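Residue numbers (numbering that gives the first Met the number 0): 0 to 298.
Where is the CB? At the ideal position from N, CA and C, for every residue including glycine.
Everything numeric in this text was worked out from a predicted model, so none of it was measured.
Okay, structure first, notes after.
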Amino acid sequence: MSVPAAYIGVIILWATTPLAVKWSVDGSSFLFGVTSRMTLGVLLCLLLVWLLRIEFPWHKAARRTYLVAGLGIYGAMLSVYWGAQYIPSGLIAVIFGLTPLATGVMAALWLGERALSPARVAGMALGVLGLAVIFDAGKQWESSSWMGISAMLVSVLVHSTSSVWVKRLGLGIRLHPVAVNTGALSFAVPLFLLTWVAIDRTIPETITFQAAASIAYLGIVGTVVGFSLYYYILKHLSAAVIALITLVTPVLALLLGQSLNSETVQPKVWWGTASILAGLLLYQWGNGQAALERFKLRW
0 MSVPAAYIGV
10 IILWATTPLA
20 VKWSVDGSSF
30 LFGVTSRMTL
40 GVLLCLLLVW
50 LLRIEFPWHK
60 AARRTYLVAG
70 LGIYGAMLSV
80 YWGAQYIPSG
90 LIAVIFGLTP
100 LATGVMAALW
110 LGERALSPAR
120 VAGMALGVLG
130 LAVIFDAGKQ
140 WESSSWMGIS
150 AMLVSVLVHS
160 TSSVWVKRLG
170 LGIRLHPVAV
180 NTGALSFAVP
190 LFLLTWVAID
200 RTIPETITFQ
210 AAASIAYLGI
220 VGTVVGFSLY
230 YYILKHLSAA
240 VIALITLVTP
250 VLALLLGQSL
260 NSETVQPKVW
270 WGTASILAGL
280 LLYQWGNGQA
290 ALERFKLRW
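This is the structure we're talking about:
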């Protein structure tokens with residue numbers, strides 16, 4: 000598969016996922032929504048591995064990779080679904096846009112991919128400033144909005160840590176992206192089920208068509224296709240370049256939430272988003288032509 004095509008596919012999926020998450024929990028608990036999505040996803044992944052005869056190694060190094068990726072899925076998705084109860088769908092993508100900053104720092108420490116230059120420090124400062132503006136805008140929403148924003152920050156940290164750790168573990172082994180996705184879900188789904196049984200254990204009597212369609216979309220396209228594409232590009236691109244996806248998805252998600260879910264986007268949110276994206280641009284391209292050449296080479 001073409002790496003650029005997979006890259007664009009992940010952008011589209013990540014931009015539509017926040018709104019689908021909001022719709023998927025309509026009339027049900029967030030735990031039921033995320034657990035049903037992930038359960039559907041792992042069943043389809045196992046079927047895909049069997050039908051396509053994809054090699055699914057279970058040696059120690061592979062299991063370690065699956066475990067780290069699975070813990071990342073569990074922690075990040077649990078935080079996203081819980082936080083989605085309190086903030087608009089577009090804001091989910093905006094805060095998740097801070098992923099490149101966290102990923103870049105961790106990649107520099109663990110993978111030696113980047114060094115923190117003054118330009119990148121300034122980019123991080125702009126990102127934090129944008130987040131502060133969004134927090135300030137949250138004061139005008141419900142009092143619980145800060146909980147949703149905080150949950151998304153936890154998701155960013157968990158996702159970034161897992162991504163860089165998976166890439167580090169995969170440097171010496173060859174694993175098919177679908178195998179990584181399947182193995183990760185094999186570890187994550189039991190955790191979701193245990194959490195649902197321990198805390199929730201409720202099944203909605205009726206599920207709206209919108210919610211059912213969203214769960215199906217997230218389980219089939221978002222989980223099976225999306226995660227597989229993500230691990231595919233993670234294998235071929237640097238962690239920092241992958242994180243550039245979140246330069247595009249926040250704006251797309253805000254527009255989708257505004258047009259399809261009648262979400263009100265306050266001016267401060269747009270200003271905060273602009274500050275975050277400007278910080279990301281400065282962080283990623285702070286070294287000018289040298290950074291551009293590295294980006295071209297990796298493609």
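C-beta contact flag for residue i and residue j at 8 angstroms
i, j, result
"Ala252", "Pro17", "yes"
"Val9", "Ile206", "no"
"Val41", "Thr181", "yes"
"Ser130", "Gly256", "Note that residue 130 is Leu in the sequence shown, not Ser. Not closer than 8 angstroms, so no."
"Leu281", "Ala118", "yes"
"Lys59", "Asn260", "no"
"Val93", "Ile241", "no"
"Leu110", "Ser162", "no"
"Val268", "Cys44", "no"
"Ile53", "Val220", "no"
"Trp81", "Thr248", "no"
"Ala197", "Leu156", "no"
"Leu125", "Ala277", "yes"
"Leu184", "Ile72", "yes"
Reference residue i, options the options, closest by Cα
i, options, result
"Arg62", "Ala4, Leu168, Gln209, Ala277", "Leu168"
"Thr194", "Lys166, Lys21, His235, Val33", "Val33"
"Leu174", "Tyr216, Tyr230, Phe191", "Tyr230"
"Ala77", "Thr248, Pro266, Gly218, Val153", "Before going on, a small fix: residue 77 reads as Leu here, not Ala. For Leu77, the nearest C-alpha among the options comes from Val153."
"Phe325", "Arg200, Val93, Ile219", "In this structure the chain extends from 0 to 298, so residue 325 is not present and cannot be described."
"Ala187", "Met37, Asp25, Gly96", "Met37"
"Ser23", "Gln209, Gly225, Val268, Leu228", "Gln209"
"Leu279", "Gly89, Ala14, Trp49, Met123", "Met123"
"Tyr85", "Val127, Thr64, Ser143, Ser116", "Ser143"
"Leu79", "Phe95, Tyr65, Leu39", "Correcting the residue identity first, residue 79 is Val in this sequence and not Leu. Per the Cα distances, Phe95."
"Ala5", "Val250, Thr263, Gly225, Ser237", "Gly225"
"Val250", "Met105, Leu90, Ala75, Ser27", "Leu90"
"Ala212", "Leu39, Tyr65, Ile11, Trp13", "Leu39"
"Trp164", "Gly69, Ala215, Val120, Glu204", "Gly69"
"Ile133", "Ser227, Leu97, Ile7, Leu156", "Leu97"
"Ser35", "Leu192, Gly103, Ser159", "Leu192"
"Ser88", "Ala273, Glu262, Pro266, Ala277", "Glu262"
"Pro203", "Phe31, Pro3, Ile7", "Phe31"
"Gly147", "Ala83, Tyr216, Val104", "Ala83"
Three-state class that DSSP yields for residue i in the structure shown
i, result
"Thr207", "coil"
"Pro3", "helix"
"Gln257", "helix"
"Ala83", "coil"
"Ala289", "Model confidence at Ala289 stands at a pLDDT of 43, short of 50, so the residue's coordinates are unreliable and nothing is read from them."
"Ile172", "coil"
"Leu97", "coil"
"Val385", "This structure gives no information on residue 385, because the portion of the chain shown stretches from 0 to 298."
"Trp269", "helix"
"Trp13", "helix"
"Val247", "coil"
"Thr222", "helix"
"Ile232", "helix"
"Val179", "helix"
"Val264", "coil"
"Leu280", "helix"
"Pro189", "helix"
"Arg200", "coil"
"Pro56", "coil"
"Val110", "At residue 110 the sequence reads Leu, which differs from the Val that was named. Three-state result, Leu110: coil."
"Ser237", "coil"
"Ser143", "coil"
"Ser116", "coil"
"Trp298", "Summary for Trp298: the model assigns pLDDT 36, below 50, so the residue's position carries little reliability, and this model does not support an answer."
"Gly8", "helix"
Minimum Cβ-Cβ distance from residue i to chain C less than 8 angstroms
i, result
"Val240", "Chain labels in this structure do not include chain C; a single protein chain is all it has."
Self-check item: Continuous alpha helix (DSSP H) assignments of at least 4 residues falling wholly in the region 23-53
Solution: Those alpha helix (DSSP H) runs which fall completely within the region 23-53 and span 4+ residues are 29-50.
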